[in-house]
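Before any comments, here is the structure.
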Amino acid sequence: MTGQPSAPTAPRPAIRLPAPAPGWAEPADVVVVGSGVAGLTAALRCAAAGLRTVVVTKARLDDGSTRWAQGGIAAALGEGDTPEQHLDDTLVAGAGLCDADAVRLLVTEGPDAVRRLIDTGAVFDKADAAGTIALTREGGHHRRRIAHAGGDATGAEISRALVEAVRARAIRTVENALVLDLLTDAEGRTAGVTLHVMGEGRHDGVGAIHAPAVVLATGGMGQVFSATTNPAVSTGDGVALALRAGAEVSDLEFVQFHPTVLFLGADAEGQQPLVSEAVRGEGAYLVDADGARFMVGQHELAELAPRDIVAKGITGRMLEQDAEHMYLDGRHFGAEMWAERFPTILAACRAHGIDPVTEPIPVAPAAHYASGGIRTDRSGRTTLPGLYACGETACTGVHGANRLASNSLLEGLVYAERIAEAIVAAHPAGAPAPVPAEPARTETIPLLAPEQRFAIQRAMTRGAGVLRSEASLAEAAETLSALRAQAGDATAGGAPAEAKPAEPGVESWEATNLLCVARVLVDSARRRTETRGCHWREDHPDRDDIHWRRHLVTRLNQDRTLSVHTTDGAGLPATVPAGETP
Numbered sequence: 004m005t006g007q008p009s010a011p012t013a014p015r016p017a018i019r020l021p022a023p024a025p026g027w028a029e030p031a032d033v034v035v036v037g038s039g040v041a042g043l044t045a046a047l048r049c050a051a052a053g054l055r056t057v058v059v060t061k062a063r064l065d066d067g068s069t070r071w072a073q074g075g076i077a078a079a080l081g082e083g084d085t086p087e088q089h090l091d092d093t094l095v096a097g098a099g100l101c102d103a104d105a106v107r108l109l110v111t112e113g114p115d116a117v118r119r120l121i122d123t124g125a126v127f128d129k130a131d132a133a134g135t136i137a138l139t140r141e142g143g144h145h146r147r148r149i150a151h152a153g154g155d156a157t158g159a160e161i162s163r164a165l166v167e168a169v170r171a172r173a174i175r176t177v178e179n180a181l182v183l184d185l186l187t188d189a190e191g192r193t194a195g196v197t198l199h200v201m202g203e204g205r206h207d208g209v210g211a212i213h214a215p216a217v218v219l220a221t222g223g224m225g226q227v228f229s230a231t232t233n234p235a236v237s238t239g240d241g242v243a244l245a246l247r248a249g250a251e252v253s254d255l256e257f258v259q260f261h262p263t264v265l266f267l268g269a270d271a272e273g274q275q276p277l278v279s280e281a282v283r284g285e286g287a288y289l290v291d292a293d294g295a296r297f298m299v300g301q302h303e304l305a306e307l308a309p310r311d312i313v314a315k316g317i318t319g320r321m322l323e324q325d326a327e328h329m330y331l332d333g334r335h336f337g338a339e340m341w342a343e344r345f346p347t348i349l350a351a352c353r354a355h356g357i358d359p360v361t362e363p364i365p366v367a368p369a370a371h372y373a374s375g376g377i378r379t380d381r382s383g384r385t386t387l388p389g390l391y392a393c394g395e396t397a398c399t400g401v402h403g404a405n406r407l408a409s410n411s412l413l414e415g416l417v418y419a420e421r422i423a424e425a426i427v428a429a430h431p432a433g434a435p436a437p438v439p440a441e442p443a444r445t446e447t448i449p450l451l452a453p454e455q456r457f458a459i460q461r462a463m464t465r466g467a468g469v470l471r472s473e474a475s476l477a478e479a480a481e482t483l484s485a486l487r488a489q490a491g492d493a494t495a496g497g498a499p500a501e502a503k504p505a506e507p508g509v510e511s512w513e514a515t516n517l518l519c520v521a522r523v524l525v526d527s528a529r530r531r532t533e534t535r536g537c538h539w540r541e542d543h544p545d546r547d548d549i550h551w552r553r554h555l556v557t558r559l560n561q562d563r564t565l566s567v568h569t570t571d572g573a574g575l576p577a578t579v580p581a582g583e584t585p
């Protein structure tokens, strides 16, 4: 990687969210922020090794993105399937930007990681009385390798099993807590986090957990757009924290828009019901209002092409016909198959007045998954010593420019286990808790008012959605800059008298985090003057491997400007912070 900054040897002046000083603190060996498959797997492995482990989660333990996953978890578990075939499908979906070594690690270690998940208590659907795991196909896969549970409730089952295991082991948990900022010691190493507990639990208000290792597993940032499959808690908190702390992020321009989200109207906002890719995997097909299958001929896999291709196909047909949505037709499944294989989707459709047994489902793309995030090496280490990241908030290089369906849960499993191994090796159990050092100078980011969240979402949906251009991105950037300026003026007292500065609190912190990640996303999308994977530039419609088969890597400077450099190629070489061994 070119222009790789070295890890800090002393604390830089801190950039933090405005918040009260911590009113309480407790020690730990490791603090895991997030309670999805990545966070809970890391916590269980660290606790099993004897580390004092604390899990911090923004809502309840089972309220993260994992429980919303419908389709399943991809791994080479079936007869005739191999990790090499899984690798090939992942590389194709990633459109030339996957780190091949990171993918090989994922697909090779993946099957055993799934078996350990089963040993933890997760129950997958069976294909026969002998207990063979039932496998299905999804977009981009040439084999049936998607293990599922409860028909279309895989995430809920995985979440249930991991939460029960965490509670059985009596791992310390802090629920309803928003993480604020990273703490560091006098040498610039991780020393814990500050957090705000939202009125419930053992503590209330702002506090701190002091630990030499912090794992960010905070999920996605889908709430940066008006319509998304992500839950309301997915506001990019981990990525924003890492940027303020000085860590590198990469590939934020690659936001995957799921092709088949239940269309609830052009003005629908917030979390939208997902119609799993597994529905297409079982034989449903996409049609327009005239019943024509428009994906046939666009790709060898038609409706089962990688998600970026299907999302572009749907959007293109919508533009051609001036339509707000397309349709997913699974009427040929029959009532019994819908009820047994896709009970969650069936119930969601019927709750909105649509019966997929007798009518096609109206669908349109919506923001779904962030392929980029906090840049890590293959042990989940970021560019800051003691700070780790895994799951959707991380960028391991596995997903490239477009995530292959159902690789996300697998990535969470595999890389969380690798993080635990790295932490156990670097941070012995029972060591004295680090002492956070107060920086000589602290910069606070101006807070946005809670209602500005909607201004961010609308600007991002208009300017940085499925189809982008320099003009649309420039308009989004202008809106984001105006919001930053308004917040700064209010903080400095230069705004009109009626424009009071935002008060520290969860909604203002979330809006400020969203603005931070939106700004990097738009900046990266403007720089990448090509179309690749889920980044679709109508003014640069071709893929440009000569200039852009590389990654954009971003840091937040002390003056809050962005520092951006590109890699030499598609790989993301391991980055080991100073003082740590590979």
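FYI, in the working numbering the residues of the sequence shown are 4 to 585.
By construction, the Cβ of each residue, glycine as well, lies at the ideal position given by its N, Cα and C atoms.
Alpha-carbon spacing of residue 342 relative to residue 349, whole angstroms: Numbered from 1 along the sequence shown, position 339 holds the residue referred to as residue 342. Numbered from 1 along the sequence shown, position 346 holds the residue referred to as residue 349. Computed Cα separation, rounded: 7 angstroms.
Minimum C-alpha distance to residue 228 - residue among 273, 207, 186, 268: Start at 1 with the first residue of the sequence shown, and residue 228 comes out as number 225. Here the closest residue by C-alpha is 273.
Continuous alpha helix (DSSP H) stretch holding residue 40: start and end: In the sequence shown, residue 40 corresponds to position 37, counting from 1. Residue 40 -> alpha helix (DSSP H) spans 40-51.
C-alpha distance - residue 431 paired with residue 315, whole-angstrom precision: One-based indexing of the sequence shown puts residue 431 at position 428. One-based indexing of the sequence shown puts residue 315 at position 312. Roughly 49 angstroms separates the two Cα atoms.
Buried or exposed (CB count within 10 angstroms, at least 16 for buried), residue 126: On the sequence shown, position 123 is the one that residue 126 refers to. Exposed: under 16 other Cβ atoms inside 10 Å.
Cβ distance (whole Å) where residue 370 is taken to contact residue 455 below 8 angstroms: Within the sequence shown, residue 370 is the residue found at index 367, counting from 1. Within the sequence shown, residue 455 is the residue found at index 452, counting from 1. So it is not a contact: roughly 18 angstroms between Cβ atoms.
Continuous alpha helix (DSSP H) stretch holding residue 317: start and end: As a position in the sequence shown, residue 317 is number 314, starting the count at 1. Residue 317 -> alpha helix (DSSP H) spans 310-324.
In chain order, each alpha helix (DSSP H) run of at least 4 residues that lies wholly inside the segment 44-115: Listed in chain order, the complete alpha helix (DSSP H) runs (minimum 4 residues) inside the segment 44-115 are 86-96.
Where the beta strand (DSSP E) containing residue 29 begins and where it ends: As a first step, residue 29 must be located in the sequence shown, where it is residue number 26. Per DSSP, residue 29 belongs to the beta strand (DSSP E) from 28-30.
Check: residue 158 C-beta below 7 angstroms from any heavy atom of the ligand PLP: This structure does not include the ligand PLP; it has no bound ligands of any sort.
Test item: CB-CB of residue 378 and residue 242 under 8 angstroms: Along the sequence shown, read from residue 1 onward, the residue named residue 378 stands at position 375. Along the sequence shown, read from residue 1 onward, the residue named residue 242 stands at position 239. Cβ distance not < 8 angstroms, so residue 378 and residue 242 don't count as in contact.
Closest Cα partner of residue 104 within the set 415, 382, 477: Residue 104 sits at position 101 when you count from the first residue of the sequence shown. Residue 382 is the option with its Cα nearest to residue 104.
Cβ-based neighbour list, residue 501, same chain, cut-off 7 angstroms, excluding 5 preceding and 5 following: Numbered from its first residue, the sequence shown carries residue 501 at position 498. In this prediction, residue 501 scores a pLDDT of 49, lower than 50, which makes its location untrustworthy; the coordinate-derived value is nonetheless stated afterwards. Hits under 7 angstroms: none found.
Per-residue burial, residue 212 [other beta carbons within 10 Å of its own, 16 or more giving buried]: Locating residue 212 in the sequence shown gives position 209, where the first residue counts as 1. Looking at its Cβ environment, which holds 16 or more other Cβ atoms inside 10 Å, residue 212 is buried.
Same chain, Cβ closer than 6 angstroms to residue 478, neighbours up to 5 away in sequence not counted: Along the sequence shown, one-based indexing puts residue 478 at 475. The answer, listed in chain order, is 466.
Candidates 398, 19, 250, 553: closest to residue 571 by CA position: Counting from 1 along the sequence shown, the entry for residue 571 is found at position 568. When only C-alpha atoms are compared, the closest one is 553.
Contact check, residue 511 vs residue 419, beta carbons under 8 angstroms: What you label residue 511 is simply residue 508 of the sequence shown in a count that begins at 1. What you label residue 419 is simply residue 416 of the sequence shown in a count that begins at 1. In this structure, residue 511 sits away from residue 419, with a CB-CB distance that is not shorter than 8 angstroms.
CB-CB length for residue 223 against residue 472, believed under 8 angstroms: By 1-based counting over the sequence shown, the position of residue 223 is 220. By 1-based counting over the sequence shown, the position of residue 472 is 469. So it is not a contact: roughly 24 angstroms between Cβ atoms.
Beta-carbon proximity list for residue 541, same chain, < 6 angstroms, skipping 5 on both sides: Locating residue 541 in the sequence shown gives position 538, where the first residue counts as 1. Sequence-distant Cβ neighbours of residue 541 in its own chain, meaning closer than 6 angstroms and more than five residues away, are 470, 472.
Backbone CA spacing between residue 136 and residue 25 [nearest angstrom]: Locating residue 136 in the sequence shown gives position 133, counting from the first residue. Locating residue 25 in the sequence shown gives position 22, counting from the first residue. If you take the alpha carbons of residue 136 and residue 25, they lie about 48 angstroms apart.
Rounded separation between residue 532 and residue 543 - CA only: Indexing the sequence shown from 1 puts residue 532 at position 529. Indexing the sequence shown from 1 puts residue 543 at position 540. When rounded, the distance between both Cα atoms is 6 angstroms.
CA nearest to the CA of residue 550, picked from 305, 96, 100: Sequence index remark: in the sequence shown, residue 550 carries index 547 (1-based). Nearest of 305, 96, 100 to residue 550, Cα basis: 100.
Straight-line gap, residue 50 to residue 306 (C-alpha atoms, nearest Å): In the sequence shown, the residue the question calls residue 50 occupies position 47. In the sequence shown, the residue the question calls residue 306 occupies position 303. About 43 angstroms.
Range covered by the beta strand (DSSP E) that runs through residue 260: Along the sequence shown, read from residue 1 onward, the residue named residue 260 stands at position 257. Counting along the chain, the beta strand (DSSP E) containing residue 260 begins and ends at 258-265.
Beta-carbon proximity list for residue 94, same chain, < 6 angstroms, skipping 5 on both sides: Counted from its first residue, the sequence shown places residue 94 at position 91. Same-chain partners within the cutoff: 101.
Start and end residues, beta strand (DSSP E) containing residue 35: The count along the sequence shown starts at 1 and reaches residue 35 at position 32. 33-36 is the span of the beta strand (DSSP E), which, as asked, contains residue 35.
Cβ-based burial, residue 322 [other Cβ within 10 Å; buried from 16]: Taking the first residue of the sequence shown as 1, we reach residue 322 at position 319. Residue environment analysis places residue 322 among the exposed positions, since fewer than 16 neighbouring C-beta atoms fall within 10 angstroms of its C-beta.
Residue 263 versus residue 278: straight-line alpha-carbon distance, rounded: For the purposes of this step, residue 263 is taken as the residue at position 260 of the sequence shown. For the purposes of this step, residue 278 is taken as the residue at position 275 of the sequence shown. Answer to the nearest angstrom: the Cα atoms are 6 angstroms apart.
Counterpart residues of residue 535 in DSSP-defined beta bridges: Counting from 1 along the sequence shown, the entry for residue 535 is found at position 532. Per DSSP, 538.
Completely contained alpha helix (DSSP H) runs for the segment 169-251, where each covers 4 or more residues: 240-248
Three-pair Cβ contact test at 8 angstroms for the segment 280-293 versus the segment 323-341: yes
As assigned by DSSP and simplified to three states, the class of residue 402: Residue numbering aside, residue 402 sits at position 399 when the sequence shown is read from its first letter. Three-state result, residue 402: coil.
Distance between residue 399 and residue 380 (C-alpha atoms, nearest Å): For the purposes of this step, residue 380 is taken as the residue at position 377 of the sequence shown. For the purposes of this step, residue 399 is taken as the residue at position 396 of the sequence shown. Using only the alpha carbons, I get a separation of about 6 angstroms.
Boundaries of the alpha helix (DSSP H) in which residue 466 is found, first to last residue: In the sequence shown, residue 466 corresponds to position 463, counting from 1. Looking at the DSSP string, the run of the alpha helix (DSSP H) that includes residue 466 is 455-466.
Bounding residues of the alpha helix (DSSP H) (the contiguous stretch that carries residue 520): Here residue 520 refers to the residue found at position 517 of the sequence shown. Residue 520 -> alpha helix (DSSP H) spans 509-530.
Coarse secondary structure for residue 24, derived from DSSP in three states: In the sequence shown, residue 24 corresponds to position 21, counting from 1. Here residue 24 sits in coil by DSSP.
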